[in-house]
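Down below is the structure, laid out as structure tokens.
2 protein chains.
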Amino acid sequence: MSAIYRRPVPLAKCYRLLNHGPTVLVSAAHGQQRNIMAAAWAMPLDFQPPKVTVVLDKSVWTRQLLEASGHFVINVPTVSQVDIVETVGSTSGLEIFRADEQDKFKAYGLETFSGDVVDAPLLEGCVAWLECRLIPEPHNQSQYDLFIGEVVAAWADERVFSDGHWHFADHDSLRTVHHVAGGHFLVIGDEAVGSVLHRVEHPLA
Amino acid sequence: MSAIYRRPVPLAKCYRLLNHGPTVLVSAAHGQQRNIMAAAWAMPLDFQPPKVTVVLDKSVWTRQLLEASGHFVINVPTVSQVDIVETVGSTSGLEIFRADEQDKFKAYGLETFSGDVVDAPLLEGCVAWLECRLIPEPHNQSQYDLFIGEVVAAWADERVFSDGHWHFADHDSLRTVHHVAGGHFLVIGDEAVGSVLHRVEHPLA
């Protein structure tokens with residue numbers, strides 16, 4: 001349904017999809033297996049070529065799929081999806097797989113669509129998606145659980161992201177969420193504009 | 206003035222000061238020189254011992270001071286300080302120093318106070334402060350401009366952060382800001398609570 005609002009985002013501006021620090025969902029697939037998890041620790045790392053970083057604990061299945069496939073997707077969810085964020089952030093895809101319920105997408109009725117470049121599923125209902133190619137950095141991955149990806153395609157919902165800026169004023173249900181802890185989120189609010197201050201005058205300087 | 210509201214944050218919970226993705230100010234000092242800059246690309250990296258990461262371009266003076274001293278501070282500013290954020294994010298401390306105006310703090314009338322552990326200045330009027338010790342990672346620093354720090358002390362304004370959670374409802378002027386691009390910020394909004402969904406029933410599964 002949201003496909004009619006989905007537009008490609010120029011790679012030079014895709015960092016702006018994460019610049020304001022939303023909690024994201026990381027999805028990955030390998031072979032017949034796929035998974036999705038919540039991650040509050042994700043941020044842009046570079047403009048051009050665009051890179052992102054995300055922290056993935058050694059215990060999570062998404063990390064195994066990502067390491068095996070070399071690809072992942074950063075999905076930016078909305079306040080309407082806050083229960084989905086909490087759910088995929090506190091359940092184990094591997095446990096669901098072993099219980100013969102296939103995966104979190106099927107277990108929780110989550111719809112997906114395919115990206116342009118990577119095999120990982122993109123979650124319907126989000127407001128932005130970054131398709132990423134893993135840049136292997138074994139020391140960071142083992143020492144810090146820190147993964148770096150190059151963004152190879154990016155998408156956003158044009159109702160709230162256009163001309164390189166977020167515009168949430170008329171779409172409260174599409175605002176991004178920012179996790180604090182234990183299912184407690186903050187929803188992104190209104191705009192503010194910052195201006196460069198004049199310097200203080202120091203007569204004796 | 207805000208000192209009366211400043212309380213130490215237990216290190217085990219200091220990640221929550223950054224978990225919702227605010228734009229931060231990074232300050233550092235070395236010898237008689239000090240500087241402060243804005244950084245949207247900062248996030249928690251670990252719980253215990255707590256670590257953070259921040260991206261610092263090779264061109265910025267704060268990076269040189271931080272590399273020389275081995276310490277830095279992550280300050281979390283408020284919407285009341287949005288002009289300060291824009292100002293320290295778009296001016297050069299080194300240029301100010303060379304113009305004999307000392308530093309950004311003096312040039313823009315910014316008040317600071319001292320931390321418990323590190324030498325870098327903490328900015329008055331912010332709502333959280335993380336004192337950090339640099340964990341040298343030469344490859345990350347040169348290849349990705351990515352710096353890792355261990356948090357050695359943390360503070361927050363008890364009016365908006367207590368018991369490990371942010372509470373902005375009665376303090377709109379103390380809400381955190383989240384930069385998008387070009388002086389355009391989003392202010393953090395209200396709370397939302399996420400709940401784990403029930404699994405879809407699959408009669409034939």
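Protein chains in written order, with my numbering: chain B, 1 to 205; chain D, 206 to 410. Virtual Cβ for every residue (Gly too), placed ideally from N, Cα, C.
Inset, instruction - Report the residue from Arg-63(B), Glu-158(B), Pro-10(B) and Pro-8(B) whose alpha carbon sits nearest the alpha carbon of Ser-142(B). - result: Within the first sequence, the letter at position 142 stands for residue 142(B). Closest in C-alpha terms to Ser-142(B), from the list Arg-63(B), Glu-158(B), Pro-10(B) and Pro-8(B), comes Arg-63(B).
Legend entry - Contact with chain B by Ser-295(D), beta-carbon distance below 8 Å: For this step, residue 295(D) is matched to residue 90 along the second sequence. For Ser-295(D), the closest Cβ of chain B is nearer than 8 Å.
Inset, instruction - Sort out for me which residues DSSP pairs Ser-162(B) with in a bridge. - result: Numbered from its first residue, the first sequence carries residue 162(B) at position 162. In the DSSP output, where bridge partners are listed per residue, Ser-162(B) has His-165(B).
Inset, instruction - Below 6 Å CB to CB, which residues in the same chain sit around Ile-36(B) once its five sequence neighbours on both sides are set aside? - result: On the first sequence, residue 36(B) is found 36 positions in, with the first residue counted as 1. Same-chain partners within the cutoff: Leu-25, Ser-27, Val-88 and Lys-104.
Inset, instruction - Step through the CB atoms of chain B and report whether any lies within less than 8 Å of the CB of Met-242(D). - result: Reading the second sequence from its first residue, position 37 is the one you call residue 242(D). Cβ-Cβ to chain B under 8 Å: no for Met-242(D).
Inset, instruction - Starting from the C-beta of Asp-262(D), find all residues in its chain whose C-beta is less than 8 Å away, skip the five residues before and the five after it, and write them out in chain order. - result: The residue you call residue 262(D) lines up with position 57 of the second sequence. These residues qualify, in order along the chain: Arg-268 and Asp-350.
Legend entry - Distance between Val-265(D) and Gly-298(D) (C-alpha atoms, nearest Å): Taking the first residue of the second sequence as position 1, residue 298(D) is located at position 93. Taking the first residue of the second sequence as position 1, residue 265(D) is located at position 60. Rounded to the nearest angstrom, the two C-alpha atoms are 8 Å apart.
Inset, instruction - Compute the distance between the beta-carbons of Ala-205(D) and Leu-270(D), then report whether it is under 8 Å. - result: Outside the shown range of chain D, which is 206 to 410, sits residue 205(D), and nothing can be said about it.
Inset, instruction - Classify Pro-341(D) as helix, strand or coil using the three-state DSSP reduction. - result: In the second sequence, residue 341(D) corresponds to position 136, counting from 1. Coil at Pro-341(D), not helix or strand.
Legend entry - Residues bridged to Asn-240(D) (per DSSP): As a working note, residue 240(D) is residue 35 in the second sequence. Bridge partners of Asn-240(D): Ala-233(D).
Inset, instruction - State the beta-bridge partners of Thr-91(B) as determined by DSSP. - result: Here residue 91(B) is taken as the residue at index 91 of the first sequence, counted from 1. Looking at the DSSP output, Thr-91(B) shares a beta bridge with no other residue.
Inset, instruction - Put Ser-196(B) into one of helix, strand or coil per three-state DSSP. - result: Counted from its first residue, the first sequence places residue 196(B) at position 196. Rather than Ser, the amino acid found at residue 196(B) in this sequence is Val. Val-196(B) sits in coil when the DSSP states are folded into three classes, being neither helix nor strand.
Inset, instruction - Indicate whether at least one CB of chain B lies closer than 8 Å to the CB of Phe-390(D). - result: Position 185 of the second sequence, counting from 1, holds the residue named residue 390(D). Judged by the 8 Å Cβ criterion, Phe-390(D) is in contact with chain B.
Inset, instruction - Could you work out which residue in Thr-23(B), Ser-195(B), Val-152(B) and Arg-175(B) is closest to Gly-388(D) when comparing CA atoms only? - result: As a position in the second sequence, residue 388(D) is number 183, starting the count at 1. In this structure, Ser-195(B) is the residue among Thr-23(B), Ser-195(B), Val-152(B) and Arg-175(B) with its C-alpha nearest to the C-alpha of Gly-388(D).
Inset, instruction - Take the Cβ of His-383(D) as the centre, count every other Cβ of all protein chains shown within 10 Å, and call the residue buried at 16 or more, exposed below. - result: As a first step, residue 383(D) is located in the second sequence; it is residue number 178 there, counting from the start. Classified as buried, His-383(D) has 16 or more neighbouring CB atoms from the shown chains inside 10 Å of its CB.
Legend entry - Buried or exposed by the 16-neighbour rule on C-beta atoms within 10 Å, applied to Pro-255(D): Stepping through the second sequence from its first residue, residue 255(D) is reached at position 50. Looking at its Cβ environment, which holds 16 or more other Cβ atoms inside 10 Å, Pro-255(D) is buried.
Inset, instruction - Could you name the residues of chain A that Tyr-313(D) contacts, counting a contact when the two beta carbons are closer than 8 Å? - result: The structure shown has no chain A; the protein chains it does contain are B and D.
Legend entry - Proximity winner among Ala-40(B), Asp-119(B), Val-9(B) and Phe-72(B), relative to Ile-148(B) (alpha-carbon distances): On the first sequence, position 148 is the one that residue 148(B) refers to. Closest option to Ile-148(B), Cα to Cα, is Phe-72(B).
Legend entry - Rounded straight-line distance, which links the Cα of Phe-302(D) to that of Thr-23(B): Reading the first sequence from its first residue, position 23 is the one you call residue 23(B). Reading the second sequence from its first residue, position 97 is the one you call residue 302(D). One alpha carbon belongs to Thr-23(B), the other to Phe-302(D), and they sit about 38 Å apart.
Inset, instruction - Compute the Euclidean distance between the alpha carbons of Ser-80(B) and Gly-109(B), then round it to the nearest angstrom. - result: Working through the first sequence from its first residue, we reach residue 80(B) at position 80. Working through the first sequence from its first residue, we reach residue 109(B) at position 109. Taken atom to atom, the span from the alpha-carbon of Ser-80(B) to that of Gly-109(B) is near 15 Å.
Inset, instruction - Kindly say whether Asn-224(D), judged by its beta-carbon, lies nearer than 8 Å to any beta-carbon of chain B. - result: Here residue 224(D) refers to the residue found at position 19 of the second sequence. Asn-224(D) counts as touching chain B.
Legend entry - Segment contact, 8 Å Cβ cut-off, at least three pairs: the stretch 156–176 of chain B with the stretch 354–368 of chain D: They do not touch, by the three-pair rule.
Inset, instruction - Please decide whether Trp-246(D) counts as near chain B, where near means a Cβ-Cβ distance under 8 Å. - result: As a first step, residue 246(D) must be located in the second sequence, where it is residue number 41. Cβ-Cβ to chain B under 8 Å: yes for Trp-246(D).
Legend entry - Continuous alpha helix (DSSP H) stretch holding Thr-267(D): start and end: Position 62 of the second sequence holds residue 267(D). Residue range 266–274 is occupied by the alpha helix (DSSP H) that includes Thr-267(D).
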